[in-house]
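Residue numbers (the working numbering): 1 to 153.
Idealized CB from N, CA, C, for every residue including glycine.
In structure tokens form, the structure reads like this:
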């Protein structure tokens with residue numbers, strides 16, 4: 001009797017059970033991969049933003065030590081100006097500086113080529129530094145980097 005009972009007991013999984021496990025695994029992998037993809041893209045965007053900020057700081061330091069800019073006409077010190085608004089300022093109060101100049105002067109390090117791509121992929125970043133005066137006559141330097149730069153990470 002025990003022999004007959006052992007023969008009727010099957011060990012292993014049926015095809016339906018294996019397919020169900022595969023479907024569940026596929027769903028889990030899809031959800032996990034989309035989350036990882038979002039995290040990677042967010043990290044790339046954060047890195048690009050940090051690189052642009054570092055590039056701005058490097059350009060400001062470079063200009064302070066190497067270039068004299070006249071004061072621009074009074075502008076709103078709290079406003080972030082667009083590239084076209086900055087381009088309308090007189091040329092005597094602004095200066096475009098390429099990332100390669102900042103790298104060569106040791107003011108900016110870009111070993112991964114985010115802002116200064118050495119391999120030909122991507123566009124070299126350009127910083128526009130301008131000197132403005134507020135309504136009280138105080139002057140300050142600001143830098144602008146277009147968001148299209150420093151994104152090839």
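Query raised in the report: CB-CB under 7 Å to residue 86, same chain, minus the five flanking residues each way: which ones, in chain order?
Result: For the purposes of this step, residue 86 is identified with residue 86 of the chain shown, where counting begins at 1. Contacts found: 94, 128, 130 and 144.
Report task. Say whether the stretch 53-64 touches the stretch 103-122, bearing in mind that this needs 3 or more beta-carbon pairs closer than 8 Å, one atom from each stretch. Result -> yes
Requested in this report: State whether the stretch 47-54 contacts the stretch 133-152, with contact taken as three or more CB pairs (one from each stretch) at a distance under 8 Å.
Outcome: yes
Query raised in the report: Thinking C-alpha only, which one of 47, 116 and 22 is nearest residue 97?
Result: To locate residue 97, count along the chain shown from 1; it is residue 97. Among 47, 116 and 22, the Cα nearest to that of residue 97 belongs to 116.
Query raised in the report: By DSSP, does residue 105 sit in helix, in strand, or in coil?
Result: Within the chain shown, the letter at position 105 stands for residue 105. Coil, per DSSP.
Query raised in the report: Taking the DSSP output, what are the residues bridged to residue 125?
Result: Here residue 125 refers to the residue found at position 125 when the chain shown is read from its first residue. Looking at the DSSP assignment, residue 125 forms no beta bridge with any residue, so it has no partner.
Query - Contact set for residue 70: own chain, Cβ-Cβ below 8 Å, skip 5 residues either direction - result: Here the question's residue 70 lines up with position 70 in the chain shown. Excluding sequence positions up to five before and after residue 70, its CB lies within less than 8 Å of the CB of 90, 92, 93 and 131, all in the same chain and listed in chain order.
Query - Coarse secondary structure for residue 139, derived from DSSP in three states - result: One-based indexing of the chain shown puts residue 139 at position 139. Strand, per DSSP.
Query raised in the report: For residue 13, does the count of other Cβ atoms within 10 angstroms reach 16, so buried, or fall short, so exposed?
Result: Along the chain shown, read from residue 1 onward, the residue named residue 13 stands at position 13. Residue 13 should be labelled exposed.
**Report entry** Three-state class that DSSP yields for residue 97 in the structure shown
**Finding:** Taking the first residue of the chain shown as position 1, residue 97 is located at position 97. Correct three-state label for residue 97: strand.
Query raised in the report: Rounded to a whole number of angstroms, what is the C-alpha to C-alpha distance between residue 24 and residue 114?
Result: On the chain shown, residue 24 is found 24 positions in, with the first residue counted as 1. On the chain shown, residue 114 is found 114 positions in, with the first residue counted as 1. Spanning the two alpha carbons is a distance of roughly 39 Å.
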